[in-house]
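Using the UniProt record's numbering, the letters of the sequence shown map in sequence onto residues 1 to 358. Ideal Cβ positions, reconstructed from N, Cα and C, are used throughout, including at glycine. Here the structure is a predicted model, which means the values were calculated and not measured.
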Amino acid sequence: MESSKPIVLVTGSTGYVGSWIVAKILQEGKYRVRGAGRNIHNAEKMEPFNKALREHCPDNYDEFELVEASLEDSDAIKRAVEGVTYVLHVASPMPDSKVKGSEKSMIQPAIDGNINVLQACVGSGVKRVVITSSALTICDHKKGDGVYSYDSFVEESPKLDLYSKSKIRSENAAIEFVKELEGKKERTFDVLFIHPGGISGVPFVPIMKGEGLNMFKMFLENKFPRVPVVYYPLVDVQDVAQAHVNALDKGDHLGRYPINSATIRMVELVQLIKDRYEPMGYKVGNKELPKCVVWMFSLCNADARNIYYHWGVKAEPDGAYGAKELGLQKYVSVDDSIYATCDFLIENKFVKEPKKKK
Numbered sequence: 001m002e003s004s005k006p007i008v009l010v011t012g013s014t015g016y017v018g019s020w021i022v023a024k025i026l027q028e029g030k031y032r033v034r035g036a037g038r039n040i041h042n043a044e045k046m047e048p049f050n051k052a053l054r055e056h057c058p059d060n061y062d063e064f065e066l067v068e069a070s071l072e073d074s075d076a077i078k079r080a081v082e083g084v085t086y087v088l089h090v091a092s093p094m095p096d097s098k099v100k101g102s103e104k105s106m107i108q109p110a111i112d113g114n115i116n117v118l119q120a121c122v123g124s125g126v127k128r129v130v131i132t133s134s135a136l137t138i139c140d141h142k143k144g145d146g147v148y149s150y151d152s153f154v155e156e157s158p159k160l161d162l163y164s165k166s167k168i169r170s171e172n173a174a175i176e177f178v179k180e181l182e183g184k185k186e187r188t189f190d191v192l193f194i195h196p197g198g199i200s201g202v203p204f205v206p207i208m209k210g211e212g213l214n215m216f217k218m219f220l221e222n223k224f225p226r227v228p229v230v231y232y233p234l235v236d237v238q239d240v241a242q243a244h245v246n247a248l249d250k251g252d253h254l255g256r257y258p259i260n261s262a263t264i265r266m267v268e269l270v271q272l273i274k275d276r277y278e279p280m281g282y283k284v285g286n287k288e289l290p291k292c293v294v295w296m297f298s299l300c301n302a303d304a305r306n307i308y309y310h311w312g313v314k315a316e317p318d319g320a321y322g323a324k325e326l327g328l329q330k331y332v333s334v335d336d337s338i339y340a341t342c343d344f345l346i347e348n349k350f351v352k353e354p355k356k357k358k
């Protein structure tokens, strides 16, 4: 007999955040979950995910299904939405340190993904769509130090990186689409936005995936002997996932919810890693780059230009507001999340072993 529980569609369901969302929904037991993703028949990718899901959700594993759908394929997204009550749209193009991105590969797919998901929900039985945005669309470094909340909208600048631009434009496109629906009196579902800071923490599937994990790997391997003078908002992946789950029945239409444990200066972050892991043999740099060096590189390098734009400004996402509105109890501390991330990388041998002293 088929379950009568409402279905939640999760895009990016096998990703760093999406996989934790799927697990938490199934563990709660109130909903069925339909995951949407690309390459779902790739055994190398799917077997570790299915194994982890069975281990974490033995009682409700059968209430998960996976469908293939590229966010740029509007017909596939429409099929994925059929029979769904809630949509958690998590998937979005992510920066890759090994591949140079472009507007075509980063920005337009993010916009198309938001619009295709929202368009598919028009006239369907969907009641609520939750879109994963970013603290980058809230924290306005141009305005200087401060705590930025739901009412702050960052304007695009040529100095921002492609990922920031993709989040700004795709969120704006989604809001404009919804307001057009409202103007025609055709909106039948709520739309909310989750705005996490930088994400750390142990992945649901024990694989090396995501630029956040890669950053900690490079710290442990001393790929950054010096770091820029920037402030980094940080939140554990499980808190981000729980915020999405809670947003199924909390939060208001067009609400924007920053999710952030704390905002830490980058040199303080690497110092935490250095203090704990250097005694184990890992060499970790803890010096800051001179501003003049970054300025010089910013004249010809987009990454350096983005860093220079954020230099020395402590723009904090209002994580307290997001937690209160979405019913999060207490954030995992920055220290605990950093240590859990580094321990995971070391235990799973994703980090080069330190050279033994002779």
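- What's the call for E316, buried or exposed, on a 16-neighbour Cβ count within 10 Å? Of the residues assessed, E316 falls on the buried side of the cut-off, its CB having 16 or more other CB atoms within 10 angstroms.
- Query: In the DSSP assignment, what residue or residues form a beta bridge with P196?
  - Reply: Answer is I259.
- When we look at the beta-carbon of A323 and count the other beta-carbons within 10 Å, is it buried (16 or more) or exposed? Counting Cβ neighbours within 10 Å, A323 comes out buried, since at least 16 surround it.
- Task: Evaluate L26 with the Cβ neighbour count: other Cβ atoms within 10 Å of its Cβ, from every protein chain shown; 16 or more gives buried, anything less gives exposed.
- Result: Classification for L26: buried.
- DSSP-derived helix/strand/coil call for D343: In the structure shown, D343 falls within a helical segment according to DSSP collapsed to helix, strand and coil.
- Item | Local Cβ density within 10 Å of P158, reported as buried at 16 or more and exposed below that | Here P158 is exposed, its C-beta having fewer than 16 other C-beta atoms within 10 Å.
- Query: Are the beta-carbon atoms belonging to G15 and G37 less than 9 Å from one another?
  - Reply: Contact flag set, yes.
- Pull up the distance between the alpha-carbon of D62 and that of L289, whole angstroms please. Their backbone Cα atoms lie some 52 Å apart in a straight line.
- For the alpha helix (DSSP H) containing Y308, list its first residue and its last residue. Counting along the chain, the unbroken alpha helix (DSSP H) around Y308 starts and ends at 302-309.
- If you draw a straight line from the alpha carbon of V230 to that of N306, how long is it in whole angstroms? V230 and N306: Cα-Cα distance of roughly 11 Å.
- Message: For the region 237-248 against the region 167-184, do three or more pairs of beta-carbon atoms, one drawn from each stretch, fall closer than 8 Å, so that the two count as touching?
- Response: In short, these stretches do not touch, since the Cβ pair count stays below three.
- Query: Would a C-beta distance cut-off of 9 Å place L272 and V334 closer than the cut-off?
  - Reply: Cβ distance < 9 Å, so L272 and V334 count as in contact.
- Item | Residue(s) in a DSSP beta bridge with Y148 | DSSP, once it has assigned bridges, lists P317 as partnering Y148.
- Just curious, the alpha helix (DSSP H) that P109 is in, first and last residue? Element bounds for P109: 108-121.
- Host alpha helix (DSSP H) of Y231 (start-end): Not the alpha helix (DSSP H): Y231 falls in the beta strand (DSSP E), residues 231-236.
- Take residue 360 as the anchor and find which of D318, T137, V8 has the nearest alpha-carbon. This structure cannot speak to residue 360, because the chain is shown only from 1 to 358.
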